[in-house]
Structure formats: C-alpha cells, structure tokens
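A.B. asks: Provided herewith is a single structure, encoded as structure tokens, for subsequent inquiry.
In the numbering used here, the protein residues as written are 4 to 805.
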C-alpha cells in the first residue's frame, strides 16, 4: 500500500492561484439583469436617525432603489443571539446608529459607479449621542447603547470549579497580572463579495458569497429572513482569498443583500471596499483581564482566579460569546490546576461588532495567563521554563480532564517544550543574553506555551446560559461538531470526493486527496476534491465550514470513513473475482492484489467499470451497483454542558511551545527578532509542507500583533486605521526570517487519522512569548498590546530616569 499520509505532496491548489486562474467570488458569472449595490454607512458612532432623504439619489439615472432599515424590517426579523439579552440586531440601522460604518441605506443601481455616486446624494439628519468607546466608559453607563437592556454591561456570570477559596487561603504567596488585549484584525486579501437572486414565483433565494460556512450562522440568517432552509440556497466559490475568521460575519451582510434582492426583484451584487473591510466587517474582541495564581513555595500552582471583561462592540452577534467560551475547556492551559474561579462579563461599545479572528480567544487567554506564569516563576526565584515543567500535565495523565471540563486528547507537553528549548539552544541563548548585558545591549528571552482547541463543540455557548434555564423545557441542548464527506469512484476509475469545507487557502484539496488515495491505492492526482459549498445539494450541517482549526479534526476523518467504505466494498468484490480471502487483499498502485501472491490481481479501473457497467454481476456478489461511500465523523468527547457548567469546548487540543530571543535598540525602541522557535504537537501531520506554511504564517502574524497591530478609534468613535498605510501587516522587510520549528507527533486516539487542528496555535500563545522577551530585554513590563517602538523607548527612558 502506498501511503501518502505524512508526505510532502505539492499543493494542487497552487498552480491555478499562482497563474491567476483561481475561481473567486468576484469571478462568478452574474445572472442576467444583475444590478449593483453600494452601502451608505454611518459617520457617527452613536446617534439617533432623525431623517433619511433619498429623493435626489432616486432621481439619478440608473438608480433603481434606495433601501433603508424600515424597508428591511418588512422582510427580515432580528438575528437570533447566543446571549439571552433583549437586543435587536438587524444588518442595517433602524432609528439609531451604534458604530461608525453601520449600514444606514442601500443603493441599488444598474452599475456600481452610479450606485457609488448616489451615496453622496442621500441626506441624513442625525442627533448625535455620547459615544462609548472603551470598557471603562461602558461600565460607567453614562450613555446607554441599547436602551432595552438599560446597561452597557449586558452579561455576567461567575464560574467556580474545585475549591478556589481554600486554594488561595492556604497559599504561601499569590501573584497577579492585569492586561489589556486590543482590538485587532487579520485582513484577508479578498474582501467580501455577495450576489443574490430572488425568485418570486417559488419564494426561493439564492446567495453566492465567499463565506467560511455555512456554519451555524447560515441557520441564523435563514431565521432572520423568515424562510425555511429549503428556500434559501447558499453557494461558495471554489477559491476564497483568505479568511482568518474575518469572513465569518459575512453572513450578516449576505442576508442583507439577500433581503435587498427580494425587495427589488432583480439579481444584485455587492463588492466590499478595503476601507469598508477595516471599518465595518469585524474585529477581535478586546479584553481587560486580571489573572491571579495561588502558589506554594515549592512551585506548585494551587489555584487560579480570573476576572474578565470582554468588549463585543455595538452588538453581541453570534458566535459571540465565543471569544470567552471557545477557550473554556482549556482555560487552565497545559497546567495541572484543579481550583478555578472565573468572573466573566461582556460590555457593548460604539465600535464595530467583534467576531472570530484567527486565534479566537487564544490571545485573550494566553497573554494574561502566561505573563502571570512567568511572574510566578520570578516570585519563586525559579527559571520560567523550570516552573512550567513542574506544573505541566504529564503524558501518563492523558486523556486529561481539566477543571473546566476540557478533555485533552493524548499529548506529551514536557517533551514538546524540551524540543523547543533544543531548537533555540536555551542554555546558549541565556549566555548570549548575559554577554549582551555586559556589553550594554538589550537582549531578552521569552517563553510561552499553550493548549489550543480545535473543532469547537457547539454546545460550549450553552455554558453562558443560566443553569436554571438549562433545566427548563425551552432549552434545546447542543453538542458535537460533525462533518460529512462523499467518495465516488467513477466508471473509468477516477475518484471524486465531495468535502464541503469552503477553504480559504489551507490546501484542503491536497490533504483529502492524500488520505483518499492512500486508502484506495491510487495516485493523489487521480482524486478530484470538491470543497465548494452548495447547500441545495451538498451534505452540510450546522458545523460545516472552515474555522476553529476544524478541518484536520473532523473533515479528514469523515473523508477517511467514506474512503474506507469504498475500499471495503472493492475488497469484497475483488475477493469474489480472484477467489482470495478479503484479509489477504491489498490496494496499491491502482491494483487490488493478493499479498501472498501478487500475480493474482485486478486493476482498480476494472473494478470501477464492473461496478458501473455490469451491476448485475455485483448483485450476484451480494453488492449494490456503484462505488460510493458516505462518511460521517463525530468526536466521542464533545458532549453537552454539565449541570455545574463543565464543558469540553473542543474536540481536540494541540500544544504549542514558543520561545523568542530578541534585541531591542535603546535609541529607537525597535525590536529585532534574533530567533523565534516553535515546537508543536498537532497529532499526526498529514502534509509536512502545509504544516510548515502554517508555522511561518503564524509566526509572522505573531510579530505583527505583538509589535504594531491595533484598530484605533478617535475620541468621536471614528476608526483611524482604515487602510494598510495605518494598519500594518508584515511585508518582506518586517518578516521574521530567523525561525525554526519542529513537530512532536502524539496522535489523537479519538480519531482514525489522529490529527489535531493546528492553524491558530502559535498565534494564540506566541505573542506572549515575544512580548515577554521584550520585557526581559528592557527589564520592564507592559500591560497591553501592541508594544510599539514608541512605547518601548518610553519604558527604557523611564527606567533610566529613576
């Protein structure tokens, strides 16, 4: 058997994208008579809408309609929210605007240029209100964003696991950290693109969009559009130009464009501008966190207390409060901490609503947690690596259940951390640091580690609900995170796999081809993989899509199961033809043969032809016509939330150990990354090349987030960072080139492939390693990101002035 799993098979997707032949949303053919949409957005962060006058715009030749929130209310209901709060969230402002960039009116015209011109002809009268722009301002309640709630603090719960009171009362010492994680985003190359067509005769709506779903948000959009699921068809293109979570909330705009198509009764198309993308698509939730550890003198961690306040922007739209709950099962990280107290709150502000951004909650967790871990090591006069090793969960304890309910599948955290130390040559790095100190240079080392969730359990959001409500008949328990794949062998032996994942450049076609080819004994080039989504014909479910690092957690195993069904049928048929027991047959190099006598064989293509051209013969063998397998995969550990709020929030958990060695220029505050290393346990690696591409991208995004990325608002709530001149992304000049990585494979025993999702791990804990390397270099602490050269320079000179 030729096994392609673990091989560096070149990505099938690269040729078409590198030669400009990708099939993106804007490349899709438009239906006849397609009109174009432009969106007029609020220029105020917080204001009442007194009047909208579109008369001048409607007189412009080519303009067909100007649609406002009052029109949208006629065909849409508010979107359902995961948090049970009386907030009505529509995709367009109705009576009041709550952030700069919120849609206020939609222009439909015969061409995009006329639609753009018409925006300037719409007259809107606002009554400005005081904007709420920070967590601190929100808690003052001087200006209420949602009057129906009566407060900007819209949710609060306390979670208690073990006996945290006793842990802290018996501790020899405690340490704490206060840290702010900023608003940030990870811009995708391709902005939002949506087309919609409504058929009045059948009341059917078709939406084409470069969405990362359908995901559960498609169901939410369907609910808002007042239609049954079988009346709305969502189609994603073959290629999507990046996602990083940014394209998750696209479904809200897609529903808006769908409603517009229903109102005007012609097909419509909308392409988002780059400024719109920054201003109004989405961003990560910013967090104010206070973490405190209870410690024994010997270095044992007794307990953890955390106070968390998350800012979800103007609306707590789903899948929030995922920023908090996605990391719930792994809230204690890789440490053996049994006593936990969490005080969690959510506020709203007059900023763009938050949603998943690559790492989704990981940066918000590991920046304060890992800084507190390092602070504890210093308080105990221990090396930060030594302190971590002492408190790590051991391989013999796997699978390990955390205090908050997470079930860590198999891993070797100490070995992985030791591998990272080997990559950076830790002892030598310490010597470099000390020598630099003698020379008056500022060199520092930072370490951060983390357990990273993959394949979110959709039941985790239920932990936000009151336990009493969960006992009521109104409550519908949620759990799981399954996927479905179909493998079909065609009459001439070609293999087609339907795996609706809506990928955004992750190499899904290549990886699935590797798996299916290995199982069926054919070349990966003989396997065609269809990853685009069409909800009218593809096997999709509430979790379907690419986000939450779920592809190698779920879909690869569904494809494996489907391929195994086909393989087993082929073996049964070949066994009858060759007169060889099934257990003696092997599939390899396009043949089915007797392992004990390879001369007894039949070609894969011959079996395929028989299955299609001579099904009568198959019936004589007791087999149905055709060669088709339908594989479904669901992890056995993702159950509903327990009565005491424990929940395994993800299917698998990868582990990442990151170390950074940096030098700081005392005259400018500039940071030079001398080396960044990452050792990662992502289970079984299917394609090392794709794994390495992920590592490189995450390390460079770690650099950007730590040193310069932040969405900045002025005092009036207007976004200042609206383009790549003001919101910086790494170019070849800033990229980290001195990096190293390694994979420490401990396959998950909960799945046939054994892989774990990995695509967000370094970006979750890596920023903490880089930040603490800078702090170590200049002997100062920062309580927020980004640590810009100006902030670093000021910190250096504050120390000098003392």
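All C-beta atoms, glycine included, are put in the ideal place defined by N, C-alpha and C.
1. Within 10 Å of its beta-carbon, does residue 353 have 16 or more other beta-carbons around it, so buried, or fewer, so exposed?
2. Identify, in the order they occur along the chain, each residue of the same chain with its Cβ nearer than 7 Å to the Cβ of residue 527, setting aside the five sequence neighbours on each side.
3. Looking at the unbroken beta strand (DSSP E) that takes in residue 311, where does it start and where does it end?
4. Is there contact here, the segment 280 to 289 with the segment 215 to 226, by at least three beta-carbon pairs under 8 Å?
5. I'd like to check one pair, residue 43 with residue 125: are the Cβ atoms closer than 8 Å?
6. Where residue 525 and residue 619 are concerned, what is the direct C-alpha to C-alpha distance, given to the nearest angstrom?
7. Would you check if the distance between the CB atom of residue 407 and the CB atom of residue 367 is smaller than 8 Å?
8. Determine the DSSP secondary structure at residue 454, reduced to helix, strand or coil.
9. Below 8 Å between beta carbons: does that hold for residue 292 and residue 182?
10. Spatial neighbours of residue 576 within its chain, please: C-beta separation below 8 Å, excluding the five flanking residues on both sides.
11. Give the secondary structure of residue 406 by DSSP, where H, G and I count as helix, E and B as strand, and everything else as coil.
12. Which same chain residues, not among the five before or five after residue 639, have their C-beta less than 7 Å away from its C-beta?
13. Return the first residue and the last residue of the beta strand (DSSP E) that residue 296 is part of.
14. At a cut of 8 Å, does the segment 499 to 513 reach the segment 534 to 550 through at least three beta carbon pairs?
15. Using the DSSP secondary-structure output, state which residues sit across from residue 754 in a beta bridge.
16. Less than 8 Å between the C-beta atoms of residue 45 and residue 107, yes or no?
17. Given this structure, state the Cα-to-Cα distance separating residue 29 from residue 274, to the nearest angstrom.
18. For residue 686 and residue 657, what's the separation of their Cα atoms in angstroms?
19. From residue 294 to residue 60, what distance separates their C-alpha atoms?
20. Residue 118: which of 301, 700, 69 and 47 sits nearest, CA to CA?
21. What does a CB cutoff of less than 8 Å around residue 67 pick up in its chain, not counting 5 residues either side in sequence?
22. Apart from the five residues on each side of it in sequence, which residues of its chain come closer than 7 Å, Cβ to Cβ, to residue 653?
23. Nearest to residue 438 by alpha carbon, out of 789, 493 and 780?
24. Pick from 643, 88 and 155: whose alpha carbon is nearest that of residue 140?
25. How many Å lie between residue 602 and residue 594 at the Cα?
26. Can the beta-carbon of residue 660 be found closer than 8 Å to that of residue 423?
27. Please state if the CB of residue 709 and the CB of residue 807 are separated by a distance shorter than 8 Å.
28. For the alpha helix (DSSP H) containing residue 564, list its first residue and its last residue.
29. Assign residue 740 to buried or exposed, taking buried as 16 or more other Cβ atoms, counted over all protein chains shown, within 10 Å of its Cβ.
30. Using only the heavy atoms of the ligand SAM, determine whether one of them is closer than 7 Å to the beta carbon of residue 398.
31. Around the Cβ of residue 809, are there at least 16 other Cβ atoms within 10 angstroms (buried) or fewer (exposed)?
32. Compute the Euclidean distance between the alpha carbons of residue 777 and residue 370, then round it to the nearest angstrom.
33. Quick check on the DSSP output: the alpha helix (DSSP H) that includes residue 612 runs from which residue to which?
34. What's the C-alpha gap between residue 263 and residue 271?
35. Just mark residue 484 as buried or exposed, buried being the case when its beta carbon has 16 or more other beta carbons within 10 Å.
36. Excluding sequence positions up to five away, which residues of its chain have a Cβ less than 6 Å from the Cβ of residue 255?
C.D. replies: This is what the structure holds:
1. The sequence position of residue 353 within the chain shown is 350, counting from 1. Residue 353 should be labelled buried.
2. Taking the first residue of the chain shown as 1, we reach residue 527 at position 524. The answer, listed in chain order, is 7, 12, 516, 517 and 520.
3. Within the chain shown, the letter at position 308 stands for residue 311. Unbroken beta strand (DSSP E) run through residue 311: 304 to 314.
4. no
5. The count along the chain shown starts at 1 and reaches residue 125 at position 122. The count along the chain shown starts at 1 and reaches residue 43 at position 40. Cβ atoms of residue 125 and residue 43: closer than 8 Å.
6. Along the chain shown, one-based indexing puts residue 525 at 522. Along the chain shown, one-based indexing puts residue 619 at 616. For residue 525 and residue 619, the distance between alpha carbons rounds to 26 Å.
7. The count along the chain shown starts at 1 and reaches residue 407 at position 404. The count along the chain shown starts at 1 and reaches residue 367 at position 364. For residue 407 and residue 367, no; Cβs fall outside 8 Å.
8. Taking the chain shown and counting its residues from 1, one reaches residue 454 at position 451. Residue 454: strand per DSSP, three-state reduction.
9. Within the chain shown, numbered from 1, the residue matching residue 292 stands at position 289. Within the chain shown, numbered from 1, the residue matching residue 182 stands at position 179. Yes. Within cutoff.
10. By one-based count along the chain shown, residue 576 stands at place 573. 610, 613, 614, 621, 624 and 626, listed in sequence order.
11. As a first step, residue 406 must be located in the chain shown, where it is residue number 403. Three-state result, residue 406: coil.
12. For the purposes of this step, residue 639 is taken as residue 636 along the chain shown, with counting starting at 1. Result list for residue 639: 753, in chain order.
13. In the chain shown, the residue the question calls residue 296 occupies position 293. Per DSSP, residue 296 belongs to the beta strand (DSSP E) from 289 to 298.
14. yes
15. Working through the chain shown from its first residue, we reach residue 754 at position 751. In DSSP, residue 754 forms no bridge with anything.
16. Working through the chain shown from its first residue, we reach residue 45 at position 42. Working through the chain shown from its first residue, we reach residue 107 at position 104. The answer is yes: Cβ separation under 8 Å.
17. Your numbering for residue 29 matches position 26 in the chain shown. Your numbering for residue 274 matches position 271 in the chain shown. In a straight line, the C-alpha of residue 29 is about 8 Å away from that of residue 274.
18. In the chain shown, the residue the question calls residue 686 occupies position 683. In the chain shown, the residue the question calls residue 657 occupies position 654. Going by the C-alpha atoms only, they are around 7 Å apart.
19. What you label residue 294 is simply residue 291 of the chain shown in a count that begins at 1. What you label residue 60 is simply residue 57 of the chain shown in a count that begins at 1. Cα to Cα, residue 294 sits roughly 54 Å from residue 60.
20. Taking the chain shown and counting its residues from 1, one reaches residue 118 at position 115. Considering only alpha carbons, the answer is 69.
21. As a working mapping, residue 67 is identified with position 64 in the chain shown. Within the same chain, residue 67 has close Cβ partners 38, 111, 112, 113, 267 and 269.
22. On the chain shown, residue 653 is found 650 positions in, with the first residue counted as 1. Hits under 7 Å: 332, 456, 457, 458, 459 and 460.
23. Against the chain shown, residue 438 aligns to sequence position 435. The shortest C-alpha separation from residue 438 is found at 780.
24. What you label residue 140 is simply residue 137 of the chain shown in a count that begins at 1. That would be 155, whose Cα lies nearest to the Cα of residue 140.
25. Here residue 602 refers to the residue found at position 599 of the chain shown. Here residue 594 refers to the residue found at position 591 of the chain shown. The straight-line gap from Cα to Cα measures roughly 11 Å.
26. In the chain shown, the residue the question calls residue 660 occupies position 657. In the chain shown, the residue the question calls residue 423 occupies position 420. Yes.
27. Outside the shown range of the chain (4 to 805) lies residue 807, about which nothing can therefore be said.
28. Translated into positions along the chain shown, residue 564 becomes position 561. Looking at the DSSP string, the run of the alpha helix (DSSP H) that includes residue 564 is 559 to 581.
29. Counting from 1 along the chain shown, the entry for residue 740 is found at position 737. Counting Cβ neighbours within 10 Å, residue 740 comes out exposed, since fewer than 16 surround it.
30. As presented, the structure is devoid of all ligands, the ligand SAM included, so that no description of it is given.
31. Absent from the model: residue 809. The displayed extent of the chain is 4 to 805, so no value can be given.
32. To locate residue 777, count along the chain shown from 1; it is residue 774. To locate residue 370, count along the chain shown from 1; it is residue 367. Cα to Cα, the separation comes out at about 14 Å.
33. For the purposes of this step, residue 612 is taken as residue 609 along the chain shown, with counting starting at 1. Unbroken alpha helix (DSSP H) run through residue 612: 607 to 616.
34. If you number the chain shown from 1, residue 263 lands on position 260. If you number the chain shown from 1, residue 271 lands on position 268. Spanning the two alpha carbons is a distance of roughly 8 Å.
35. For the purposes of this step, residue 484 is identified with residue 481 of the chain shown, where counting begins at 1. Buried is the call here.
36. Position 252 of the chain shown, counted from the start, is the residue given in the question as residue 255. For residue 255, where only same-chain residues beyond five positions count, the Cβ hits under 6 Å are 94.
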